[in-house]
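S.K.: Keeping their order, the protein sequence lines are chains A and B.
Per our numbering, numbering through the first sequence is continuous, rising by one, with the last residue being 135.
Per our numbering, numbering through the second sequence is continuous, rising by one, with the last residue being 123.
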Amino acid sequence: MSPSSKLVRDVMHRGVIICWADEQLIDVALRLCEYDINALFVLDDSGRAVGVISQTDLARAYAKGNWQERTADEIMSTNVVTITGDIPLDVAIQVMLDKKIHRLLIVQGGRTPNRPVGVLSLSDIVSEMASE
Amino acid sequence: MAATREQTVKLVRDLMHIGVITCRTNTSLVEAAAILLREHLDSLVVLDERGHAVGLLGQEEAIAAYSRSCVITRTCDSLTAAEVMRPEIPEIPPDIPAAAAAQIMLDQGVRGLYLMHHDGGISWPAAVLRVEDVLRHLVDGD
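1) Compare the C-beta of Ile125 of chain B with all C-beta atoms of chain A and state if any pair is closer than 7 Å.
2) Among A:Ile96, A:Gly121 and A:Phe44, which one has its Cα closest to the Cα of Thr81 of chain A?
3) Could you tell me if Thr59 of chain A is buried or exposed, where buried requires 16 or more neighbouring beta carbons within 10 angstroms of its beta carbon?
4) What residue range is occupied by the uninterrupted beta strand (DSSP E) comprising Ile85 of chain B?
5) Mind listing the chain B neighbours of Leu2 of chain A? Cutoff is C-beta to C-beta under 7 Å, in chain order.
6) Between the segment 69 to 101 of chain A and chain B, which residues of the former have a C-beta closer than 8 Å to a C-beta of the latter?
7) Using the C-alpha atoms, what's the distance from Ile56 of chain A back to Gly101 of chain B?
8) If we cut at 7 Å on Cβ distances, does Val112 of chain B have a partner in chain A?
9) Which one of A:Val19, A:Val94 and A:Gln111 has the shortest CA to CA distance from Leu10 of chain A?
10) Have a look at the DSSP bridge pairing and note the partners of Pro91 of chain A.
11) Just to make sure I have the definition right: I need the residues of chain A whose C-beta is within less than 7 Å of the C-beta of Gln84 of chain B. Which are they?
12) Check the Cβ-Cβ distances between Leu125 of chain A and every residue of chain B, and say whether any is below 7 Å.
13) Quick test of your reading: Asp23 of chain B and Gly39 of chain B, contact by CB under 8 Å. State the CB separation rounded to the nearest angstrom.
14) Ile77 of chain B CB to nearest chain A CB: under 7 Å?
15) Taking all protein chains shown into account, decide if Asp127 of chain A is buried (16 or more other Cβ within 10 angstroms of its Cβ) or exposed.
16) Please check if any C-beta of chain B sits within less than 7 Å of the C-beta of Met132 of chain A.
Structural data, given as structure tokens:
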């Protein structure tokens, strides 16, 4: 089945691993290791997704030094791209390739708009490829 | 004092993994995707029939080819690693600090660096340092 005949919700994984904007980086690193994931989303006090922290962001902080003294909001990427699950998968893939991002935050539409419900990552798409 | 500092600085060789997962140039894209998934990898080193490393097949290249070929030409079943890989394999020596390696990853925009062996006109990957290894080092705090 080609990506044009599937929707994001058919391939994404449900549930979003998060941290808070003021969390220390050691706790962020521990969570990435605990869940064996490449990145997590950063929420502010109101529960809004305001950033993403990836393993690469932590490596950048490590290379600069004094990473233990810093918090999530100091190193996160603020380029959070959200879509809904009813978007065609091939459109979502093109968004990721065009914007050079490795994951999209999937939010719910309807009565509770913008509530995070899942993530579409490169690994989810590779998994879809491998299942063909 | 200098000796103490040298003892605490982690080098690439302290964190890297011996042994690298590879695929062949004629491995199909779907098969390569299955290997990436099974081994939890971001990329595979591609070897030719002599065992010479000729490129790197990453998740991004695989997905771009998958998307392009399936949607436009409907030929994704016939794509091979050789057609999708990029020809550069990012190398690193084992005796530099891990923090410097992290910076090299960032500069080159890659998530893994390879220690390559070269002999008789053939190059092959002996070990790899991945961004996950750097993260694990941060968490372990050693």
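Note that beta-carbon positions come from the ideal geometry of N, C-alpha and C, so glycine has one too.
M.R.: Based on what the coordinates show:
1) Since the first residue shown for chain B is -18 and the last is 123, residue 125 of chain B is missing from the structure and cannot be characterised.
2) Comparing alpha-carbon positions, the option among A:Ile96, A:Gly121 and A:Phe44 lying closest to Thr81 of chain A turns out to be A:Phe44.
3) Around the Cβ of Thr59 of chain A, a 10 Å sphere holds 16 or more other Cβ atoms; the residue is buried.
4) Counting along the chain, Ile85 of chain B sits inside no beta strand (DSSP E); it lies in the alpha helix (DSSP H) bounded by residues Ala79 to Gln89.
5) Any property of residue 2 of chain A remains undetermined from this structure, which presents chain A solely from 4 to 135.
6) Answer set for the segment 69 to 101 of chain A: Trp70, Asp93, Ile96, Gln97, Met99 and Leu100.
7) In a straight line, the C-alpha of Gly101 of chain B is about 43 Å away from that of Ile56 of chain A.
8) Yes, Val112 of chain B counts as interfacial toward chain A.
9) Among A:Val19, A:Val94 and A:Gln111, the Cα nearest to that of Leu10 of chain A is on A:Val94.
10) A:Leu10, per the DSSP bridge assignment.
11) Simply Ala66.
12) At least one chain B Cβ lies under 7 Å of Leu125 of chain A.
13) Asp23 of chain B to Gly39 of chain B, Cβ: 6 Å. Contact.
14) Under the 7 Å criterion on CB atoms, Ile77 of chain B is classed as non-interfacial with respect to chain A.
15) Within 10 angstroms of the beta-carbon of Asp127 of chain A lie 16 or more other beta-carbons, which makes it buried.
16) For Met132 of chain A, the closest Cβ of chain B is nearer than 7 Å.
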